[in-house]
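Residue numbers (the numbering used here): 934 to 1178. Cβ atoms here follow ideal geometry from the backbone N, Cα and C, with glycine treated the same way. Please read these numbers as outputs of a predicted model, since none were measured by experiment.
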């Protein structure tokens, strides 16, 4: 929902214009997100309050820390859906995964192991916050040759690219989709991250927006995003694909 005021083109009261969240960690005790089912249900209730009709939760898959696989994620999703139904929470819940690009991930590609996707074969991936992986462009290209559509999670948080915007432009030109962490617009990750998020919005380079919710505090902070002028610009761009899911 939105309304007009004399100072801004639109003012949003919730996130119903997005409708679907594509990045969260809601399955309990599977990664660094929800610790238990009560936490998960509290977050789902908050998503409803924020105006969402669907969440596509994306547990971490990382060789060193979170060795999740498809059967385990599906089992956790089914348990979460049952608990949500019993609690009377009216929201659709699906799952994909957030794949960390490391040696194990590359091995999955080489062995052609099916990966968890959402929507039209979108695949959420992330990289280290310390330095980019070797052969990143090659890995992303391999995904594309396997008919995946790579979505790079929170590119505004990779500080090693801040002084070389051309890297973003090159990835974008190769068909890599970008996903904004909505709370990057609040400055919670730092002023430099917020500045890069603003720049990527100005250049029209985001295709998805997500909460990256690990705990309910992440969702409570998102109310601040509704009054952000760059969020206005992002929604007004017509480039976001959340509503198509």
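What do you reckon, are the CB atoms on residue i and residue j nearer than 8 Å?
i: residue 1140; j: residue 1127; result: no
i: residue 1111; j: residue 1090; result: no
i: residue 1057; j: residue 1081; result: no
i: residue 994; j: residue 1032; result: yes
i: residue 1146; j: residue 957; result: yes
i: residue 1109; j: residue 1073; result: yes
i: residue 1049; j: residue 1030; result: yes
i: residue 1218; j: residue 1170; result: Because the chain in this structure spans residues 934 to 1178, residue 1218 falls outside the shown range and cannot be described.
i: residue 930; j: residue 1076; result: An answer regarding residue 930 cannot be provided, because it is not within the stretch 934 to 1178 covered by the chain.
i: residue 1001; j: residue 1035; result: no
Taking only the alpha-carbon atoms, compute the straight-line gap between residue i and residue j and give it to the nearest angstrom.
i: residue 938; j: residue 1160; result: The pLDDT assigned to residue 938 is 44, lower than 50, so where the model puts this residue is not dependable; a value taken from the coordinates is nonetheless given after this. Looking at the two C-alpha atoms, the distance is approximately 12 Å.
i: residue 1052; j: residue 1086; result: 16 Å
i: residue 973; j: residue 959; result: 5 Å
i: residue 1010; j: residue 1017; result: 10 Å
i: residue 1064; j: residue 1113; result: 19 Å
i: residue 990; j: residue 1149; result: 14 Å
i: residue 1104; j: residue 1022; result: 39 Å
i: residue 941; j: residue 1162; result: Note on residue 941: pLDDT 48, under 50, position unreliable in the model; the coordinate value appears next. Whole-angstrom Cα-Cα distance: 8 Å.
i: residue 1059; j: residue 1130; result: 16 Å
i: residue 987; j: residue 978; result: 12 Å
i: residue 945; j: residue 976; result: 21 Å
i: residue 936; j: residue 1165; result: With a pLDDT of only 41 at residue 936, under the threshold of 50, the placement of this residue in the model should not be trusted; the figure read from the coordinates follows. Whole-angstrom Cα-Cα distance: 12 Å.
i: residue 1044; j: residue 966; result: 29 Å
i: residue 1008; j: residue 1015; result: 11 Å
i: residue 1098; j: residue 1123; result: 18 Å
Kindly list the residues whose CB is nearer than 8 Å to the CB of residue i, restricted to its own chain and excluding five residues on each side of it in sequence; keep chain order.
i: residue 1173; result: 951, 1139, 1140, 1141, 1142, 1167
i: residue 968; result: 961, 962
i: residue 1121; result: 1154
Let me check understanding here. Comparing Cα to Cα, which of the options lies closest to residue i?
i: residue 1037; options: 999, 977, 1153, 992; result: 999
i: residue 1115; options: 1151, 1104, 1132, 1108; result: 1151
i: residue 931; options: 1075, 1076, 1006; result: Outside the displayed span of the chain (934 to 1178) sits residue 931, for which this structure offers no information.
i: residue 1067; options: 1123, 1039, 1012, 1102; result: 1039
i: residue 971; options: 1013, 1164, 944; result: 1013
Near residue i, which residues of its chain fall below 6 Å by C-beta distance, leaving aside the five closest residues on each side in sequence?
i: residue 1178; result: 953, 1052
i: residue 1020; result: 974
i: residue 1088; result: 1111
Tell me which residues share the same chain as residue i and place their Cβ nearer than 7 Å to its Cβ, disregarding the 5 neighbours each side in the sequence.
i: residue 1119; result: 1154, 1157, 1158
i: residue 1054; result: 1080, 1081, 1082
i: residue 1175; result: 951, 952, 953, 955, 1141, 1142
i: residue 1003; result: 1049
i: residue 1135; result: none
Decide if the stretch 1078 to 1094 is in contact with the stretch 1016 to 1026; the criterion is three or more beta carbon pairs, one per stretch, under 8 Å apart. no
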